[in-house]
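Below is one structure, written out as structure tokens; the observations come after it.
Residue numbers (UniProt numbering): 1 to 371.
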């Protein structure tokens, strides 16, 4: 349905787009209308009251009204969700006794955002996902447009600029372009004078890696290796932060019912990888657990991107990065729920630490003049 509707929308006048969409849906099997009504209800665009799958005319009227309002307000919605003000710290955290990284330069360092929205080539899908809004579950699939990713990129760009990072957004890059621009960053001599590095990648992903716009994957380990102490000595003893918003497989998380009994089984903790001298000061934050999909709203962006930006804006003035992400962001993402075809969908983030690390306090609004 997506390709046909896209073609219809491209060929019709803006004033008649809603009617064209509704007419196209009405001409299809009734299950399409029922499913669309369900999606509109679950996303909060229309209320469940009065939405009767047996009353086609009534549902079409409600959908037409909802689409009209949605199209009118889409620009204001995008603007509203991207406006965040980072709370300022009252003092720069001391680095003398508390295992805290220095974070007082202006700029702090680079924040590199790779934002892949449009994809070109078909790929072989080894783990067909169950959520059709991310990928079409066929043997050879087309990586769909990641609608909503611009909201993530712009929102995070705004937040990191307020944290005094020099931000640059790179949009729609192939794998080779991604590797080349990251290699250039890793080789940049200016890193010697920086406090930190942030890399944010917003793209499609799979168990084997992150997709470029050409449908080719790059393993995450290849990216991280560019910035280890051997390959990027300019960042030794400095925090290297990676935020990855991408699917990591095709499984969906339906959630689990919490036991109401008084004695809950203790949850085991994952083992820590051996620390070697080549690796240190590296923070890696995933939007989802390995093997699972990552949920994204087509207007507001991904759950992870939204909550990361929100928590940085609200709490970076008092919390260090790892607590902020592993406690606050993780809790907010975990608390979210949506439905696909009547099935509940939950999500959990995953975090990795490579080597020994200290606490990352961003000290928003404060800096020390080196002159």
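Glycine residues also receive a C-beta, built at the ideal position from the N, C-alpha and C atoms. Here the structure is a predicted model, which means the values were calculated and not measured.
Where residue 161 sits in the DSSP three-state scheme: In the chain shown, residue 161 corresponds to position 161, counting from 1. Residue 161: helix per DSSP, three-state reduction.
Assigned secondary structure, residue 118 (DSSP; H/G/I helix, E/B strand, else coil): Within the chain shown, residue 118 is the residue found at index 118, counting from 1. In the structure shown, residue 118 adopts coil according to DSSP, grouped into three states.
Supposed close pair residue 363, residue 89 - CB separation, criterion 8 angstroms: Residue mapping note: residue 363 aligns to position 363 of the chain shown, counting from 1. Residue mapping note: residue 89 aligns to position 89 of the chain shown, counting from 1. Confirmed, about 5 angstroms.
Continuous beta strand (DSSP E) stretch holding residue 209: start and end: Residue mapping note: residue 209 aligns to position 209 of the chain shown, counting from 1. Residue 209 -> beta strand (DSSP E) spans 209-211.
Opening and closing residue of the beta strand (DSSP E) in which residue 221 lies: Along the chain shown, one-based indexing puts residue 221 at 221. Annotation for residue 221: no beta strand (DSSP E) segment contains it, though the alpha helix (DSSP H) segment containing it runs 220-226.
Complete runs of the alpha helix (DSSP H) confined to the segment 298-357 [at least 4 residues]: If we require 4 residues or more, the alpha helix (DSSP H) runs fully inside the segment 298-357 come out as 303-315, 330-335.
Outcome for residue 116 when other beta-carbon atoms lying within 10 angstroms are tallied against a minimum of 16: As a first step, residue 116 must be located in the chain shown, where it is residue number 116. Per the 10 Å Cβ criterion, buried.
7 angstroms CB neighbourhood of residue 365 in its chain, flanking five on each side removed: Locating residue 365 in the chain shown gives position 365, where the first residue counts as 1. Close CB contacts of residue 365 within its chain, under the 7 angstroms cut and outside five residues either way in sequence, are with 88, 89 (chain order).
Beta-carbon gap between residue 321 and residue 293 smaller than 7 angstroms: Working through the chain shown from its first residue, we reach residue 321 at position 321. Working through the chain shown from its first residue, we reach residue 293 at position 293. Not in contact: residue 321 and residue 293 (Cβ atoms no closer than 7 angstroms).
Simplified DSSP assignment, three categories, for residue 193: For the purposes of this step, residue 193 is identified with residue 193 of the chain shown, where counting begins at 1. In the structure shown, residue 193 sits in a helix (DSSP, three-state: H, G or I).
CA-to-CA distance, residue 201 to residue 91, given in whole angstroms: Residue mapping note: residue 91 aligns to position 91 of the chain shown, counting from 1. Residue mapping note: residue 201 aligns to position 201 of the chain shown, counting from 1. C-alpha of residue 91 to C-alpha of residue 201: approximately 31 angstroms in a straight line.
Proximity below 7 angstroms, CB of residue 160 to CB of residue 232: In the chain shown, the residue the question calls residue 160 occupies position 160. In the chain shown, the residue the question calls residue 232 occupies position 232. Between residue 160 and residue 232, the CB-CB gap reaches or exceeds 7 angstroms.
CA nearest to the CA of residue 348, picked from 235, 295, 108, 120: The residue given as residue 348 occupies position 348 in the chain shown. Distances from the CA of residue 348 to each of 235, 295, 108, 120 were compared; the closest alpha carbon is that of 295.
For residue 204 and residue 102, the rounded distance between their alpha carbons: Within the chain shown, residue 102 is the residue found at index 102, counting from 1. Within the chain shown, residue 204 is the residue found at index 204, counting from 1. Residue 102 and residue 204 have their C-alpha atoms roughly 34 angstroms apart.
Proximity to residue 279 [Cα-Cα], best of 240, 305, 315: Here residue 279 corresponds to residue number 279 of the chain shown, with the count starting at 1. If we check each option's Cα against that of residue 279, 240 comes out closest.
Whole-angstrom distance between residue 177 and residue 340, CA atom to CA atom: Indexing the chain shown from 1 puts residue 340 at position 340. Indexing the chain shown from 1 puts residue 177 at position 177. Residue 340 and residue 177: Cα-Cα distance of roughly 34 angstroms.
For residue 316 and residue 163, believed in contact at Cβ under 8 angstroms, the rounded distance: Position 163 of the chain shown, counted from the first residue, corresponds to residue 163. Position 316 of the chain shown, counted from the first residue, corresponds to residue 316. Between the beta-carbon of residue 163 and that of residue 316 there is about 7 angstroms, and that keeps the pair under the 8 angstroms contact cut.
Beta-carbon proximity of residue 143 to residue 212, cut-off 7 angstroms: Residue numbering aside, residue 143 sits at position 143 when the chain shown is read from its first letter. Residue numbering aside, residue 212 sits at position 212 when the chain shown is read from its first letter. If you check the CB distance, residue 143 and residue 212 do not come in under 7 angstroms.
Same chain only: Cβ atoms within 6 angstroms of residue 244, ignoring 5 sequence neighbours per side: Numbered from 1 along the chain shown, position 244 holds the residue referred to as residue 244. Taken in chain order, the residues that qualify are 201, 286.
Contact check, residue 350 vs residue 289, beta carbons under 7 angstroms: Translated into the one-based positions of the chain shown, residue 350 becomes position 350. Translated into the one-based positions of the chain shown, residue 289 becomes position 289. Their beta carbons are under 7 angstroms apart, which means residue 350 touches residue 289 by this criterion.
DSSP-derived helix/strand/coil call for residue 248: Counting from 1 along the chain shown, the entry for residue 248 is found at position 248. Coil.
Backbone secondary structure at residue 199 - three-state DSSP: Position 199 of the chain shown, counted from the first residue, corresponds to residue 199. In this structure, residue 199 counts as strand in the three-state DSSP scheme.
Cα-Cα separation, residue 168 to residue 96: Along the chain shown, one-based indexing puts residue 168 at 168. Along the chain shown, one-based indexing puts residue 96 at 96. Distance from the CA of residue 168 to the CA of residue 96, rounded to the nearest whole angstrom, comes to 32 angstroms.
When 282, 332, 148, 367 are compared against residue 229, the one with the closest alpha-carbon: Mapped onto the chain shown, residue 229 falls at position 229. Among 282, 332, 148, 367, the Cα nearest to that of residue 229 is on 282.
Rounded C-alpha distance that separates residue 311 from residue 326: The residue given as residue 311 occupies position 311 in the chain shown. The residue given as residue 326 occupies position 326 in the chain shown. Looking at the two C-alpha atoms, the distance is approximately 11 angstroms.
Option nearest residue 113 by Cα separation, candidates 323, 148, 166: On the chain shown, position 113 is the one that residue 113 refers to. That would be 166, whose Cα lies nearest to the Cα of residue 113.
Nearest neighbour of residue 119, chosen from 147, 100, 105 [CA to CA]: Reading the chain shown from its first residue, position 119 is the one you call residue 119. By alpha-carbon distance to residue 119, the top candidate from 147, 100, 105 is 147.
Of the listed residues 191, 224, 183, 343, nearest to residue 108 (C-alpha basis): On the chain shown, residue 108 is found 108 positions in, with the first residue counted as 1. For residue 108, the nearest C-alpha among the options comes from 191.
Nearest-angstrom beta carbon gap, residue 333 and residue 303 [assumed within contact, 8 angstroms]: The residue you call residue 303 lines up with position 303 of the chain shown. The residue you call residue 333 lines up with position 333 of the chain shown. A Cβ-Cβ separation of about 5 angstroms places residue 303 in contact with residue 333 under the 8 angstroms criterion.
From 369, 237, 187, residue whose alpha carbon lies closest to that of residue 358: For the purposes of this step, residue 358 is taken as the residue at position 358 of the chain shown. The residue with the shortest Cα to Cα distance from residue 358 is 237.
Residues that DSSP places opposite residue 151 in a beta bridge: Here the question's residue 151 lines up with position 151 in the chain shown. Assignment of beta-bridge partners to residue 151 by DSSP yields no partner.
Buried or exposed (CB count within 10 angstroms, at least 16 for buried), residue 305: Position 305 of the chain shown, counted from the first residue, corresponds to residue 305. Under this definition residue 305 is a buried residue.
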